[in-house]
Amino acid sequence: MAELLPFDDRDGYIWYNGEMVAWRDAKLHVLSHGLHYGSCVFEGERAYGGTVFKLTQHSQRLIDSGKILGFDVPYSVAELDAATMAVIRKNGFSDCYVRPLAWRGSEQMGVSAQHSRINVAIATWEWGAYYSDLTLTRALYQRPAPNTAPVKSKAAGLYMICTICKHDAERKGFGDALMLDYRGYLAETTGANLFLVIDGVLHTPAPDCFLDGITRRTVIELARQRGYEVVERHIRPEELENVQEIFVTGTAAEVTPVRAIDEMKFQVGPITSSLVEDFRALTRAQPVAAATARAS
Ligand code: PMP
């Protein structure tokens with residue numbers, strides 16, 4: 008196995024509460040509310056040719072996620088956009104992944120932490136394909152109901168069950184887990200949305216208890232531009248029997264075909280291939296990074 012470069016021991020810079028901090032110095036105290044009680048939200052973004060795809064939508068979602076958890080991210084969308092571009096440039100990257108996050112600090116301990124500081128950091132690193140030859144197995148946990156968790160927030164706490172499910176899938180020799188929702192309908196993987204092709208029509212689970220991904224919405228648009236019919240609805244797992252193609256979408260995953268779900272095998276079909284191509288063309292056609300981004 009290739010030697011892993013730990014994420015706390017690298018060269019470069021991380022934007023941290025308004026400053027560019029040397030990578031190894033971007034630390035927090037162990038008594039941080041975000042660590043103990045999950046009061047943390049984050050984003051995942053990708054830059055192509057120095058420009059972040061749908062940057063403003065991601066910055067807005069970070070702020071919205073914080074609001075759902077009851078806190079105000081202390082930067083505007085424009086400030087987050089500028090800080091993101093600045094940290095990418097400071098690290099000298101062009102094609103990279105970006106990870107902004109916001110969390111409650113160490114001013115107060117206990118479930119209530121009304122007066123804690125909201126910290127914000129933005130890190131970036133070069134990250135290739137998230138999945139290779141993706142295979143899925145049924146997940147151990149289901150996505151929670153909207154009245155049991157803040158399902159519309161990209162909240163760190165929601166990923167607790169995702170890591171358990173993904174580790175279980177990997178132990179069984181699969182790439183990721185296929186999660187059902189609280190009613191037993193198909194939902195998503197642990198980090199990407201799901202699309203099925205049934206008789207030439209695209210079907211995708213209605214995102215009423217999980218993230219309506221920015222890539223998902225982009226791919227729906229691309230599919231409609233191609234003239235494909237797209238149906239958002241509740242999908243029963245038994246319907247997988249009738250599926251000809253299946254793929255997932257996400258910032259890290261981009262558009263990735265699924266090759267198997269447990270014992271069921273799938274080919275990479277023509278609709279999937281065309282959308283992989285259209286998404287690649289769209290992201291590679293990004294304008295060059297705005298010259299106005301400040302290196303602060
Ligand atoms: N679902 C989950 C659980 C995710 O983590 C992600 C990645 N952010 C997605 C869906 C896809 O969202 P997006 O296309 O906005 O990256």
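Number 207 in this note's numbering belongs to position 200 of the sequence shown; there are no gaps in the numbering.
Ideal placement from N, C-alpha and C gives every residue a C-beta, glycine not left out.
- With a minimum length of 3 residues, the unbroken runs of beta strand (DSSP E) contained wholly in the segment 180-260 fall at 183-187, 193-195, 200-205, 208-212, 237-240, 252-257.
- In this structure, the CA atom of Ala-267 is about 44 angstroms from the CA atom of Gly-117.
- Its chain contains Tyr-104 as the residues whose beta carbon lies nearer than 6 angstroms to that of Trp-134, once the 5 sequence neighbours on both sides are disregarded; these appear in chain order.
- Not one heavy atom of the ligand PMP falls within 7 angstroms of the beta-carbon of Leu-201.
- Phe-286: member of the alpha helix (DSSP H) spanning 277-291, first to last residue.
- With three or more CB-CB distances shorter than 8 angstroms, the segment 190-201 counts as touching the segment 215-225.
- Restricting attention to Ala-128, Ile-129, Gly-112, the CA atom closest to the CA of His-122 is found in Gly-112.
- Comparing C-alpha distances from Glu-284 to each of Gln-251, Arg-243, Asn-249, Leu-229 shows the shortest one belongs to Leu-229.
- Non-local beta-carbon contacts of Asp-79 in its own chain, meaning distances under 6 angstroms to residues more than five positions away in sequence, are absent.
- When C-alpha distances from Ala-54 are compared across Ser-46, Cys-47, Thr-63, the shortest belongs to Thr-63.
- Contact between Ser-160 and Trp-110 does not hold, since the beta-carbon distance rounds to 13 angstroms and is not under 8 angstroms.
- In this structure Ser-139 is exposed. Its beta-carbon is surrounded by fewer than 16 other beta-carbon atoms within 10 angstroms.
- Taking the Cβ of Gly-135 as the reference point, every heavy atom of the ligand PMP lies at 7 angstroms or farther away.
- Where Leu-62 is concerned, the enclosing alpha helix (DSSP H) starts and stops at 62-75.
- With fewer than 16 other beta carbons inside 10 angstroms of its own, Phe-14 counts as exposed.
- The three-state reading of DSSP puts Met-92 in helix, counting H, G and I together.
- The C-beta separation of Ser-66 from Leu-87 comes to about 4 angstroms, placing the pair in contact by the 8 angstroms criterion.
- Annotation: the continuous beta strand (DSSP E) that includes Thr-144 extends over 141-145.
- When Ala-90, Lys-173, Pro-151, Val-208 are compared, the shortest CA-CA separation from Val-127 is found for Ala-90.
- Sequence-distant partners of Ile-253 (beyond 5 residues in either direction) whose C-beta falls short of 6 angstroms from its own C-beta, in its chain, are Leu-203, Val-265, Phe-273.
- Fewer than three beta-carbon pairs drawn from the segment 24-33 and the segment 141-148 are found closer than 8 angstroms, and the two stretches are therefore not classed as touching.
- Here the alpha carbons of Leu-209 and Val-238 stand approximately 6 angstroms from one another.
- When distances are taken from the beta-carbon of Phe-217 to the heavy atoms of the ligand PMP, the shortest one is below 7 angstroms.
- Within the DSSP bridge table, the entry for Cys-103 names Ala-54 as partners.
- Taking 8 angstroms as the cut-off, the beta carbon of Thr-170 is found no closer than this to the beta carbon of Ala-184.
- Straight-line spacing of the CA atoms in Ser-101 and Arg-190 works out to 42 angstroms.
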